[in-house]
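Numbering (my numbering), first residue to last: 600 to 865. Think of the CB as a built atom: it goes at the ideal place given N, C-alpha and C, for glycine as much as any other residue. Small disclaimer: the values here were computed from a predicted structure and weren't measured.
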C-alpha cells in the first residue's frame, strides 16, 4: 500500500512538471512574437577622432616663454629710449644734418675764482653784473679783477690768493693826484693813511670790457690802510688809475650764474 502511494505521488509530480514546462515554453514563445521585442541592429559607432599631435605644453615651458617675451619687450623699450637720447645729444651738438650747433653755456659751478661774463654778484643789496675780467700775472704770482656794473656805477672786485684769500671791492677815483712815478711809499687819502705793501710789473689777459685797461702790461702799487682799507695805483701806458675800497668777506657775496652775455654792452 505504501508502494502504490509512492508511485502515485511520483506520477503526480511528473505531471505537474510537464504542465509547468509547457506553460514556460508558451510564455517565451509569445514574448518572442511581440513586435517591440525584435529590435533593429544598432548603427555602427562613429569613428574615433584622430589623436591630436600638439600635446599641451608643460607649465615650466609656458613660464619660460613668458619670461622671454617680457625680456624682449623691455629690451625694445631700452633701445628706443637710448636711440632717442643719442639723437638728442647729436642735435644739441649740431651734428645732425640740418641742425644748428647750440651755444655752449658756461658751467653753473661758480666761485670767486671762475666768474664768467654775465654772472650776477650780490653784495649789500645790490646786484652787480660781471662785465669784464682781468687776469694779472707777475712771474709765478697771479690775481684776478672783475669789472662789476650796476647801471652807471662801476666797481672792481679784486681776488687774490697768496697765503690766504683776499677779496676787495674798489671804486675808481680822480680825487688823488699822483704826479710822480713811482708814487710815494706812504700817502694820505680821505683822512686815511696808506702804506705801499707791494709793487711790480704785471702782464694780463682780458675778457669782456675793462674800460681803459687795454695795455698788455702795467705797473701796479698796492697800499693798505687801517680797518681793511685798501688803495691801488696802476699805470697803463703812462696813464694812471687810482682805485680805493675795502677788503670784504667772500662769504658775504652771493653768486648767480648768468648766460655768458654782457648786460650793459659798454
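For residue 841 versus residue 792, is the C-beta distance shorter than 9 Å?
no
Identify the continuous beta strand (DSSP E) that holds residue 809 and give its terminal residues.
Element bounds for residue 809: n/a, residue is neither H nor E.
Among 716, 860, 827, nearest to residue 844 - alpha-carbon criterion:
827
Tell whether a beta-carbon distance below 9 Å holds between residue 715 and residue 729.
yes
Count the other C-beta atoms from every protein chain shown that fall within 10 angstroms of the C-beta of residue 717, then say buried if there are 16 or more, exposed otherwise.
buried
State buried or exposed for residue 832, treating a residue as buried only when at least 16 other CB atoms are found within 10 Å of its CB.
buried
In the DSSP output, what is residue 888 paired with across the bridge?
Nothing can be reported for residue 888, as the shown portion of the chain is limited to 600 through 865.
Short of 8 Å in beta carbon distance, which residues of its chain neighbour residue 825, apart from the five on each side in sequence? Order them along the chain.
791, 792
Measuring alpha carbon to alpha carbon, tell me which residue in 675, 807, 676 is nearest residue 744.
807
Residue 789 to residue 775, Cα distance in whole Å?
9 Å
Pull up the DSSP beta-bridge partners for residue 829, would you.
823, 844
Does residue 639 come out as helix, strand or coil in the three-state DSSP assignment?
Note on residue 639: pLDDT 49, under 50, position unreliable in the model; the coordinate value appears next. It is coil, neither helix nor strand.
Quick one: using the 10 Å Cβ neighbour count with 16 as the cut-off for buried, is residue 834 buried or exposed?
buried
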